[in-house]
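Residue numbers (this note's numbering), protein chains in the order written: chain A, 228 to 697; chain B, 587 to 1027. Built from N, CA and C at the ideal position, the CB exists for glycine as well.
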Amino acid sequence: MRKKYEALHVTYVQHQGQVPTFGGSPEIANALESLGTGMEVSSPWERGGPIVWRPLNERRFVGWMQGIQTSVFGRQGAWECRGLLVDDDVDISAWPWLLKKMRQSNTEGSLDELGQLLLKRQGEVAPDQASELATVLTALYRQRRAGDSSPMTIPMDIPMHTTALLPWVWLLGPFDPQQAYLGPPRRTLAATSPALVYHPTIGAPFTPAIQLPSFMDSLKKQMTLESAIQLGKYFRDPKTKWWGSPQVAELPQRQVPLSREDAPADKEEKARAYDGVSRYTKLLAPLRAKRHWLRVLPWALVIFLLLYITQLLRPIGPIRDDITDIRNTVHSASSPLRKTAAAKSALGLSGQATPTATESAITTSSVTANPTQPALDIIRETITRGVPGVTFSDQMKKMAKGKPNVSDSARLHIAALQTVFFKRNWTTDPKIDGIAGNGFFAAMKNRGSADDLVRLLTDDQYLLVELQKR
Amino acid sequence: MALKEFFGISNKDIQCPLCGSRESWATEGFVTFDELRVALAALPGWRAAHGSSGGVADIPSQIRQHTGSPQMPSLTQGSSEHRRCATCRSLLPPQFWRSGVAQPLAITVTGAVGHGKTTWLMSLLAPPRLSRYGIIGFNEHHTVQPYDFVEPYTISMLEWEFRSAMPFLLMGCTIHHPEGLVDVRTLDIKGEMFATNTEDVSKRIESHLLGRRGGGGLLVIEKFSKDGDRAATNIAGTYLRLSTRIKERLHGRSTLWKGIIWTFLDSAAWNDAAESWLHRMVVPSGALIAIGRGKADAMGPLAANYEEIRQNNDGVLISLLKAVRGDEDMDPDEVEGVIALLFRLQLLYSSYVARKRVNRLDYFYRGGGQRYVTICQELAKQLYMHWDADLGGLSTILTGGDEDDDWQVLPCGRLASPQANESVWSDQIVIEAISRASRLR
């Protein structure tokens, strides 16, 4: 009886060229050229990535592809590809759960085992999850919703995205996984027929960070394949207007309701969306709860310490100080470009912007595009330039020069706080490492009675002014 | 009609070797390389014509860093000087459609994977200006002007010598020489294609060589190595079928230029067996042995030996040629040693011309250079026949069983220099193209 899949391995063979060593045909090897040629062969991207495609309009191929370094055969542009050619009636949803095996299988036997697991939908372990996943998914759903026909780019800036972003996007993205073609990671778009749906593009810019629906927090390693499939179906359901609703555009500025009671009662549509979300994330409630606590825990600790030390039992309300003076100070110390950016109060350490009366009148494109940028940029610039008396660790300098991710941003903020603490003689160590260790908390404990500690922690504009004071 | 005549376009003469169409149209404007790739991948006709079912392959990432995404002629109709086939929309270099004073010449190269087909075609299409190991070199009277585009790539991309992932590429160049112009159109074929659908390949080669007026060259790029790696492909079979068919269709209209570009001769090693063979077979052999022992990258001290060989109208060289031709029992080591000697003789020619500061072109045509080069090529042909006898006898196919049949071997190699690997005698193909085109007039 004919198998529902066939193992395929194509690589460069001396004197023979780019040929299949088993399975497939030379024509399939030729068809795969459009995906393999042009792949990165130098570190750190030489490991390649997964592909799902249909060479020659025949059977679908699911496997792993990577470039071969020039030094191996003395030829530029060689590549290797291994995986399975599968019949259309085979559900290949399980491959993200078999990613490790897929990357390592390059013999007929091991690929056959992979095929058996794929047929039975027996996943081994859920892929890792990149923190950028929800941002990427949101951008892709918006692109689909807007009818934008340009290629769907999956931005990648670290090799970890290959295994922690691509499988998830394929599974949860706006196209039915059974129909979606995913290319291997490349710096340039692959020009193929049939066309790829998802183009993992090394070095492509991420869309500005956005506030995400809380259920995205549920995507964890421990998530089962079945629940991931269900979640993907929910996302793609045209009745679900979560991603496409006008409110989505405002997500960067709004807090998504965390409970049903918080959902705007006057907007039935939103409530319905929330119902759907909660239904599908019910399975994941325990994990979600854990995730939530993990996220909140450090800040809860900080606030607890503050309250304990300062004996201030009043809630932290809106900052009522006149921000104009502070803003002027920041403007005078920044470049013209930064001036407009700094004109809006940036997110505080808790991730919440502090609205001001004058703020709504000042809107610039950079601020609207990404509200987290201004304060962080000034901190980065300050660290790069250096501050007299303190020494920033090499890692901090590198972080400040590069493109910071979420955890980098937190460390940069902490570094700014450490610097101010040192300037105020709250700490004695001039070495700034961006880590909120014992010394950091001890400084707050010792000097916590200072009136402006809360403000330093919650108002980034104030922090910037203090940071830039001589 | 008048416009067509003005641009030298004649419908009768236009032919796309990839789909056979005789119609073409002018393009308008440019798009980037990446935009064009994506657009071409969506054209089934273009993909079928180029034998690329899966799409349009990119260039290797390392090369991309240098070339970026250059501008390419668009797929829009207009009135620029670039033309596309009306059926498959392939970009046709002017040498495929232009008529006029230039003598047209079609060249196709076949060969196994990794033998250097594109590399050596590039030495014809875009010869390096500063090559120290050329025969005639290039100056303002003698230049090669390539057509910039080799869709989907450009000439400047191909100069980086990467593995061609596209099965078929159309290239063109115009050779300017003191006696006129030669429009060379070439079809480059990916090596892997000779292992699979050879019928399809043969059809395109035939269409390319016979599609327009002028002569055609069917060349095989063969790499010298101790282990023959030709077996994996059907080069010999394809060549036999092609040359027979083309010969039938030519009906004496023109001749088919058949030849071997024998590359990587620099990898042949001098040895004791060759030295004792020379002792035995060639008199006097002292100068030849001294050259054979010499280092390829330091030929300077051997100038006196070279002068000795050139005396008496290359008498020693002719003795060597006769010895190789007359000895049917040369063993592989002897053959390899004499190949190494041949390569050093080629290097000495270039070094001599450079040292004497003579005009290379004059020296070739009027200073005895042509005679020396011809003897070396003939020596290469005899050595090739010895070497090839154990590998399936491509030389027998080339002769078509007729000892006097016209075919030749162009010996080439490379030499590492402080700057790069420099090709040795890469301009042989240009010289031969001029010579062939002149004969076709």
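Segment limits, alpha helix (DSSP H) that includes residue i
i, result
"B:I925", "P918 to K942"
"A:M623", "D621 to K628"
"B:W746", "Taken as a continuous stretch (DSSP letters only), B:W746 belongs to no alpha helix (DSSP H), as it is neither H nor E."
"A:Y425", "Taken as a continuous stretch (DSSP letters only), A:Y425 belongs to no alpha helix (DSSP H), being part of the beta strand (DSSP E) at Y425 to I429."
Sequence-distant residues of the same chain with beta carbon closer than 6 Å to residue i, five excluded per side
i, result
"B:P870", "none"
"A:Y757", "Because chain A is modelled from 228 through 697, residue 757 of chain A falls outside the range shown and cannot be assessed."
"A:W322", "V289"
"B:P656", "F619 and T740"
"A:V475", "Any reading at A:V475 needs caution, since the residue's pLDDT is 43, under 50, leaving its predicted position unreliable; the model's value is listed next. None."
"A:V344", "Correcting the residue identity first, residue 344 of chain A is Leu in this sequence and not Val. For A:L344, where only same-chain residues beyond five positions count, the Cβ hits under 6 Å are L325."
Cutoff 7 Å; reference residue i; Cβ partners in own chain excluding five residues on either side
i, result
"B:M708", "L744 and E745"
"B:I1020", "I761, H763 and V768"
"A:T415", "G265"
"A:T380", "H426, T428 and A431"
"B:L903", "I895 and I961"
Status (buried if at least 16 other CB within 10 Å, exposed otherwise) for residue i
i, result
"B:L716", "exposed"
"A:M387", "exposed"
"B:S1003", "exposed"
"A:S320", "buried"
"A:N652", "exposed"
"A:E488", "The pLDDT assigned to A:E488 is 34, lower than 50, so where the model puts this residue is not dependable, and the model offers no usable value."
"A:Q699", "There is no way to answer for residue 699 of chain A, as the model of chain A reaches only from 228 to 697."
"A:M383", "buried"
"B:N891", "buried"
"B:A854", "buried"
"A:R287", "buried"
"B:V687", "exposed"
"B:G803", "buried"
"B:E609", "exposed"
"B:R866", "exposed"
"B:H727", "exposed"
"B:E785", "exposed"
Where the beta strand (DSSP E) containing residue i begins and where it ends
i, result
"B:G802", "G801 to K809"
"A:I385", "Taken as a continuous stretch (DSSP letters only), A:I385 belongs to no beta strand (DSSP E), as it is neither H nor E."
"B:P764", "Careful: B:P764 lies outside any beta strand (DSSP E) and carries neither H nor E."
"A:M292", "R287 to G294"
"B:R1000", "G999 to A1002"
"B:K844", "L842 to T849"
"A:H236", "Y232 to V240"
"B:Q657", "Q657 to P659"
"A:S634", "From DSSP, A:S634 is part of no beta strand (DSSP E) but of the alpha helix (DSSP H) over V633 to K650."
"B:A692", "Q689 to G697"
"A:E307", "W306 to V313"
"B:F616", "F616 to T618"
Same chain, Cβ closer than 8 Å to residue i, five either side skipped, listed in chain order
i, result
"B:Q663", "W611, A612, T613 and E614"
"B:G678", "Inspection of the sequence shows that residue 678 of chain B is occupied by Leu rather than by Gly. Correct list, in chain order: I600, C602, S610, R669, R670, C671 and L756."
"A:D315", "R286 and R287"
- Contact set between the stretch 266-282 of chain A and chain B, restricted to residues whose Cβ is under 9 Å from the partner: M266, E267, V268, S269, W272, W280 and P282
- Query: Is the stretch 263-280 of chain A touching the stretch 297-307 of chain A in the sense that three or more CB pairs, one from each, lie closer than 8 Å?
  - Reply: Yes, the stretch 297-307 of chain A is in contact with the stretch 263-280 of chain A.
- Message: Assess contact between the stretch 880-891 of chain B and the stretch 943-951 of chain B, defined as three or more Cβ pairs (one per stretch) separated by less than 8 Å. Is contact present?
- Response: no
- Stretch-stretch touch, CB-based, cutoff 8 Å, three pairs: the stretch 340-359 of chain A with the stretch 403-419 of chain A: Too few Cβ pairs lie closer than 8 Å, so no.
- Message: Within 8 Å, do at least three Cβ pairs link the stretch 1007-1026 of chain B to the stretch 720-734 of chain B?
- Response: Touching, yes.
- Report the residues of the stretch 241-255 of chain A with a CB closer than 9 Å to any CB of chain B, ordered along the chain. Q241, H242, Q243, G244, Q245, V246, S252, P253, E254 and I255
- Select from the stretch 400-426 of chain A all residues with a C-beta closer than 8 Å to any C-beta belonging to chain B, and list them in chain order. R413, R414, T415, L416, A417, A418, T419, S420 and A422
- Cβ contact (3+ pairs, closer than 8 Å) linking the stretch 697-713 of chain B and the stretch 647-661 of chain B: no
- Query: For the stretch 326-342 of chain A against the stretch 768-778 of chain B, are there 3 or more C-beta pairs whose distance is under 8 Å?
  - Reply: no
- Query: Between the stretch 724-743 of chain B and the stretch 839-854 of chain B, are three or more C-beta pairs nearer than 8 Å?
  - Reply: no
- Quick one: any contact between the stretch 688-697 of chain A and the stretch 626-639 of chain B, if contact means 3 or more CB pairs under 8 Å? no
- Query: Between the stretch 657-677 of chain B and the stretch 994-1001 of chain B, are three or more C-beta pairs nearer than 8 Å?
  - Reply: no
- Message: So, does the stretch 901-911 of chain B touch the stretch 850-861 of chain B, judging by three or more C-beta pairs under 8 Å?
- Response: no
- Query: Given a limit of 9 Å on CB to CB distance, which residues of the stretch 282-304 of chain A reach chain B?
  - Reply: Of all residues in the stretch 282-304 of chain A, only P282, L283, N284, G294, T297, F300, G301, R302, Q303 and G304 come within less than 9 Å of chain B when Cβ atoms are compared, listed by chain position.
- Item | Members of the stretch 737-751 of chain B near chain A, C-beta cut-off 9 Å | P738, W746, E747, F748, R749, S750 and A751
- Task: Examine the Cβ distances between the stretch 684-694 of chain A and the stretch 641-648 of chain A and report whether three or more of them are shorter than 8 Å.
- Result: yes
- Message: Using a Cβ-Cβ cutoff of 7 Å, what residues of the stretch 698-729 of chain B are near chain A? List them in chain order.
- Response: Taking 7 Å as the Cβ-Cβ cut-off, the stretch 698-729 of chain B approaches chain A at A698, V699 and G700, given in chain order.
- Below 9 Å between beta carbons is the criterion; list the residues of the stretch 759-785 of chain B that meet it against any residue of chain A, in chain order. K776, G777, E778, M779, A781, T782 and N783
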